[in-house]
Amino acid sequence: MPENTARPGLRVGDAERERTEALLRTHVGAGRLDLPEFESRLDAVYAARTQADLDAVTRDLPASPPAAAAQRPQRPQKDLQRAAMWAPWAVVGAICLVVWLATCLGTGSVQPFWPVWVIGPWGAVLLLGTLTGRHTPCWLTPGGREWR
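Sequential numbering from 1 applies to the sequence shown in the working numbering.
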C-alpha cells in the first residue's frame, strides 16, 4: 500500500498512481489478480484523486510481495558464465580430435596424440578457475574490464 495512509483525504499525483500501478503489476505476477480485475483496478487507480481512493484499490492485497519472489537466485548467472567458459574449450577440443582422427585414418597409422597439447593446458586452466570460482573473463562480468 502507498505510504500516505495516515491522511486519506490527501490528493495524489502521477507518482503515487504509478507506484500503485507497479504494486498491482507485482500482484498480477504473483497470481493474486487476473487480467480483467487488474484492468478494472488500473482504471480506478488512474481515476483516483485522493489517497483514500488508492487505498481502496489495494485494500484486499498484501502490502508488499514476499521478498523471495522479488529476488532472483544468482546461481543461474554463474552457471551461464561457467558454460560460456567451457563451451569454446569443448568445441576446439572436438575439432582437434576430429583432425587427429582424420590424420590417423588418412595415413593408415596411429599418429602421436597431439590434441593433448591443446586440450590439456587449456582444460587445466579452466578447471582451476571453476574450482576456485575465479578467473571469470571480463566479457562475462557485469562491470566488464576486470578479471575475478
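Backbone N, C-alpha and C fix where the C-beta goes; we use that ideal spot for every residue, glycine too.
With 16 other Cβ atoms within 10 Å as the buried cut-off, status of residue i
i, result
"Ala-83", "exposed"
"Gln-111", "exposed"
"Val-99", "exposed"
"Arg-41", "buried"
"Thr-20", "buried"
"Leu-128", "exposed"
"Arg-148", "Because Arg-148 sits at a pLDDT of 47, beneath the cut-off of 50, its placement in the model cannot be relied upon, and the point is left open."
Whole-Å CB distance - residue i paired with residue j, under 8 angstroms assumed
i, j, result
"Ala-48", "Arg-17", "7 angstroms"
"Cys-104", "Val-118", "Not a contact, Cβ separation roughly 16 angstroms."
Whether residue i touches residue j by CB criterion (8 angstroms)
i, j, result
"Arg-25", "Thr-50", "no"
"Gly-93", "Pro-115", "yes"
"Asp-55", "Pro-8", "yes"
"Leu-23", "Thr-58", "yes"
"Leu-33", "His-27", "yes"
"Trp-122", "Trp-89", "yes"
Contact test: residue i Cβ vs the ligand ATP heavy atom, cutoff 7 angstroms
i, result
"Ala-44", "This structure does not include the ligand ATP; it has no bound ligands of any sort."
Same chain only: Cβ atoms within 6 angstroms of residue i, ignoring 5 sequence neighbours per side
i, result
"Ala-68", "The predicted position of Ala-68 is uncertain, since its pLDDT is 49 and thus under 50; a value taken from the coordinates is nonetheless stated next. Correct list: empty, nothing qualifies."
"Thr-107", "none"
"Ala-102", "none"
Chain-order list of residues whose beta-carbon lies under 7 angstroms from that of residue i (same chain, five-residue window excluded)
i, result
"Tyr-46", "Arg-17"
"Thr-130", "Arg-82"
"Ala-52", "Pro-8 and Gly-9"
"Phe-113", "Trp-100"
"Leu-61", "His-27 and Arg-32"
"Met-1", "A caution first: Met-1 carries a pLDDT of 48, below 50, which makes its placement in the model unreliable, though a value can still be read off. Closer than 7 angstroms at Cβ, skipping near neighbours: Asp-55, Thr-58 and Ala-63."
| message | In chain order, what are the residue ranges of uninterrupted alpha helix (DSSP H) at least 4 long that sit wholly in the region 10-71? | response | Listed in chain order, the complete alpha helix (DSSP H) runs (minimum 4 residues) inside the region 10-71 are 14-29, 35-47, 51-58 and 67-70.
| message | Report the start-end ranges of each alpha helix (DSSP H) in the region 73-127 that is 4 residues or longer and not cut off at the edges. | response | Scanning the region 73-127 from its first residue to its last, the whole alpha helix (DSSP H) runs of 4-plus residues come out as 75-107.
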